[in-house]
Amino acid sequence: MPTAPHPQSTDELYQALQENRRRPYGRPRTVTAEELVDAAERFEEPVPLVRALLELQEAYTYGSEPRKSPVVFARLLTLFDEQPDVFDERLRHTLFWRFKWVANALRALPEIPLASLRQWLTEMRDRYEKAGLDLQPYYGQAYQLAAHVGEDTALAYELWAGRARTRLSDCEACEICERALYHLAAGDDERALRVWESVLAGKESCQEEPARSFSYALLPLLRAGHAERARELHLAGYRGCRRNPSMSGEVGRHLEFCALTGNEARGLELLAENRNLFDEVDSPRELFDFLTGVEVLLRRVEHLGHGELPAAGFAGRTWTVTGLRAEVRERADDLAARFDARNGTTAHTDRRGARLDRAPLLDALELTLRTRTLDDVAPAVPAAAPAARTAPAVPESLPELIARARELDEQGHPDARACWARLRTLVAARDYTHPDDPAVGPLVRLRADLLDDEAGRAREKDEFADAAALHEEAAGLYEDAGQPGHAALARACALLAAAELPAQGAGDAEAKAAALTAAHASMVRLHEETPGLTPYQEARLLRLRATVLGMRLQTSGNEEHVAPLLAEVDLLHTFATRHGIDAQIAGALLLRATTHAMTGDLPAALTETDGALDRLKTHGPAWHLPRTLALRGRLQLGLRNAQAAYTDLTEGLRLAADWPAGTVDTSRLHSDLAGVCLHLGRPDEALRHLTRSAELDLRHGSRFDAYCTYSNAAQLSLDLGRVEDCIALLDSVLAEPDVTAGEVDDRLVAQLRLTRARALHAGDDLKAATAEFVALAAESAGWDDDPGSHAMIAAETAVLLGESGEFGRAREAADQALAAHAEEARPEQLSNCLRELARLQAERQGPDGLAGARAFLADAGRIADEARAAGYEAQGRPLDAALAYEHGRVNAYAGEYEDALTALEKALALLGEPGQDQGHAGEWAECVRLAGAVEGIYLERTDPALTRLDAAVSRLTALGHTEVAEPLTSLAARLRDED
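Position one of the sequence shown corresponds to residue 7 (our numbering), numbered consecutively onward.
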């Protein structure tokens, strides 16, 4: 079926061709190009058909369909031979340029005989000679054929590289890449990298470059010891070729790079992102390069013992690494054999073997902010956090195991968790027999113990309703077992969990504080009404009573709640001291410290924490040290002692490794350390802690928290100018299964995508950034509860469309932003957007864009009026002054110099004279500079302009703003020279 109505005129055809060029290469673009050729054939004029055929050949070439490209070119050549006058200079140039495309396509097809390839080059040479064209492009193709076949390339290289470039030569970047590859094949990495330097530095580029050169330069850079440069080029280069069928060979080399640098998990992630290439690449040469890179990766993963991992592969079945490697090996071997048979050499088999036999170049190279291992990508088996501590020994004897679990549980020891886990497995077995031992007690008590442990784990995950229900069930079983003290403890825990349930509706904090007050009262009654409590049980009840009051103070912030809390803490401390219960003594000291912290008395909180640490170091329990150090670190940061905070948090993190995962909230420790590192001016270390915190949250199932932390890490990396790191991190996070399945909060995902779009823009990928912004603007239009965010997104979208030159669509997006702004004001963001759009349109279109630019400024003027009436103060430049300046700049771009000067005079009056503030002085100086340029250069009023500039320079110099004054001094000198 046609993708669009057939054009009814040549103008419609040309418009359709232009619209199709905006689409990415791939089947949709190619199908449309085919339909447009059919449509062009209906017109009597031959030129529309020529243009449609050229578009179709381009779609085939960059859509990785080399078999079809020569067929289209044959039609073009026939048209040229029959009607040469139809081809103007531009079309003729394009036709002769594309002889090279056909040569490249024929090389990619092993079914084309070598004699036919040579015959085509002869045809190219004859045509060039007949047309009076230089033969350098022909010799370039002859060299590439020799290199492809595996012949001695020295003479072919000299015949090509020794000739001067012509208008029909490959672009500078492509030729540089070919010259570098020649030296690379000769084993001269150093010379290849020198030749490549301008492309690797981004000074030369084209459709395929620098992404192609980046992929080839990765391993030479590693061998030369430039690992960080290789990392940078991997991130930037992979983004330029991913999912692109015509660059599947480049993708294969990035996969190989991952395999040889200890990044096998990232390699599998990238392979999954490029699963489309297995079925969409129609070029045997590109497929050969891609599959060889895939096999290098799979071979390495299998060598590391992970052959059972799932892998993305050919459509129609699921694959493991081992199964896919066998399939890939067979297909790639077959392609190598076909090319070698055609070429009469063993070049492709030899090159493939050399790639497969390469040993890893580095044990580990941190490619992205999200470093993962093969264990992390194993399905449904979350990797345990690395720990330096040996796993606790669990008694083999069942009575001993039960006794040990209860003993550790009374102490609050982290190793109790392992004992309960072992018991849970044993009790669940069908052949379980409970010991007939009075010391162990009945099975019903053990089931109560297990339920109570399960409830505690549910509460740790903030699953408060489940925790409350499980604690209540455990209490009932304890009563059945004749354990009233344990039943009371379980019920007290149920009261606490129930009180932690989020309150709904208005007055949430007040309702929750009331629930916590009620829970405390019930605990007190439970404590008073339960006879025969052991010291351990009574201390636990006192701890729960103090805890619930601490939560009440945290919720309410009411000073009246401080004294009752401290009274409960004193009761706990006195009781625990009397009975020598170290864990509860430490708990009381920490509760007292956090109480002082909640009241804002950080010095007192720090003193209490110091006391708690001293006691813990002397009497234990040692497992409380990491969290106490974490508390002291947060207090030190609050007291603006970031270095002390860093020391405490780092030590807490070190000690946390001595205990089982989950004992200490290490994710929080990493997050806190990130904040401290930012205070200390160590942003790169902060990034590492943020990503580590996020990975720990993911591992423990706190996915929302993890994605929030990743969002913060991405924004920080963007703020630091680490654009490619930001994009790579977000690409990885956005590919998580629950994200792609739509199971994650849509606003959070939108924030991740928004940061990625901004990073793409910062990375000069305007096309991709604009596409993402347009999509986000469309989605956010439905956020009826958050029109302000839609206003911001639509405004940014409008600016990017303006940068793309699409001012009609930019106007539509700006109107969306204005409509949302009317519901929830965003005056500064909207004003900035509208002024920038006005500048862009005037700068790009000159006088023709003045009306549109002035319309944008009129909207900005209304926003400034509304903001002034509402008493709004901008964070940046005052809106009125910024608007007046933009009127001046827009009118200057459009040649309306009198209006420009009037507007700039107004802007200067609104800004006022400069003072000590550097920012304000810079804005004032820029306004003076533009006014001086308009007055002295365009209006040719040199004397007034010089008077203005000299006075401004004197004023700024007197204030010490000599650097700010330099542009004014330079302009004044220029005016004097011209005068």
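Built from N, CA and C at the ideal position, the CB exists for glycine as well.
Inset, instruction - Would you please state the rounded distance, in angstroms, between the beta carbons of G447 and A487? I believe it to be under 8 Å. - result: 6 Å
Legend entry - Terminal residues of the alpha helix (DSSP H) in which A957 lies: 948-964
Inset, instruction - Inspect the beta-carbon positions of V934 and L981 and report whether they are closer than 8 Å. - result: no
Inset, instruction - Return the CA-CA distance between P950 and A900, expressed in angstroms with no decimal places. - result: 22 Å
Inset, instruction - Measure the Cβ-Cβ separation of L863 and A844 and say whether it is below 8 Å. - result: yes
Legend entry - Own chain residues within Cβ distance below 6 Å of A648, not counting five before or after: V682, H685, L686
Inset, instruction - Counting only the same chain and skipping the five closest in sequence on each side, list residues whose C-beta sits under 8 Å from that of V383. - result: A271, L274, E275, L315
Inset, instruction - For the segment 75-115, list the alpha helix (DSSP H) runs that are entirely contained and at least 4 residues long, ordered along the chain. - result: 75-88, 95-103, 105-113
Inset, instruction - Whole angstroms is fine: what's the gap from L995's alpha carbon to E416's? - result: The question about residue 995 has no answer here: the residues shown for the chain are numbered 7 through 985.
Legend entry - Three-state secondary structure (DSSP) of P884: coil
Legend entry - For P448, the three-state DSSP class (helix, strand or coil): coil
Inset, instruction - Report the residue ranges of all alpha helix (DSSP H) runs contained in full by the segment 798-840; include only those spanning at least 4 residues, in chain order. - result: 813-829
Legend entry - Inter-residue Cα distance where the pair is C212 and L82: 24 Å
Inset, instruction - Could you round the C-beta distance between T374 and S738 to whole angstroms and report it? I think they count as a contact, below 8 Å. - result: 7 Å
Legend entry - Bridge-paired residues (DSSP) for T326: P316
Inset, instruction - Find the nearest neighbour of L836 within the set G855, R815, E809, A804, judged by alpha-carbon distance. - result: A804
Legend entry - Proximity winner among G918, A347, T601, A317, relative to A278 (alpha-carbon distances): A317
Legend entry - alpha helix (DSSP H) segments (min. 4 residues) lying fully within the segment 760-796: 772-786
Inset, instruction - Count the other CB atoms, across all protein chains shown, that sit within 10 Å of the CB of N564; report buried if there are 16 or more and exposed otherwise. - result: exposed
Inset, instruction - Compute the Euclidean distance between the alpha carbons of V729 and V92, then round it to the nearest angstrom. - result: 47 Å
Legend entry - Minimum C-alpha distance to Q89 - residue among L696, E308, V53: V53
Inset, instruction - Check W665 in the structure and name its three-state DSSP category. - result: coil
Inset, instruction - Could you name the residues of the same chain whose beta carbon sits closer than 8 Å to that of A148, not counting the 5 residues immediately before and after it, in chain order? - result: L127, A162, L165, W166
Inset, instruction - May I have the straight-line CA-CA distance separating R961 from L910, to the nearest angstrom? - result: 18 Å
Inset, instruction - Take A496 and list the residues in its own chain whose beta-carbon comes closer than 7 Å to its own, dropping the five residues that flank it on each side. - result: D458, H477, A480, A481, Y484
Legend entry - Environment of T84 [buried if 16+ CB atoms lie within 10 Å]: exposed
Legend entry - Residues of its chain near Q721, where Cβ-Cβ distance is below 7 Å and the 5 sequence neighbours each way are ignored: T761
Inset, instruction - Could you tell me the distance, in whole angstroms, from the CA atom of C499 to the CA atom of V575? - result: 18 Å
Legend entry - Cβ-Cβ distance between N26 and E61 below 8 Å: yes
Legend entry - R375 in three-state terms, based on DSSP: With the sequence shown as reference, residue 375 is identified as Leu, and Arg is not the correct amino acid for it. Coil at L375, not helix or strand.
Legend entry - Length-filtered (4 minimum) alpha helix (DSSP H) runs lying within the segment 724-761: 729-740, 743-746
Legend entry - Sequence-distant residues of the same chain with beta carbon closer than 6 Å to L612, five excluded per side: L641
Inset, instruction - Specify whether the segment 803-823 and the segment 846-862 touch according to this definition: at least 3 beta carbon pairs, one from each stretch, less than 8 Å apart. - result: yes
Inset, instruction - Would you kindly check if the distance between the Cβ of A599 and the Cβ of A618 is under 8 Å? - result: yes
Inset, instruction - State buried or exposed for G258, treating a residue as buried only when at least 16 other CB atoms are found within 10 Å of its CB. - result: buried
Inset, instruction - Assuming R841 and E892 form a contact by the criterion Cβ under 8 Å, report the distance between their Cβ atoms to the nearest whole angstrom. - result: 4 Å
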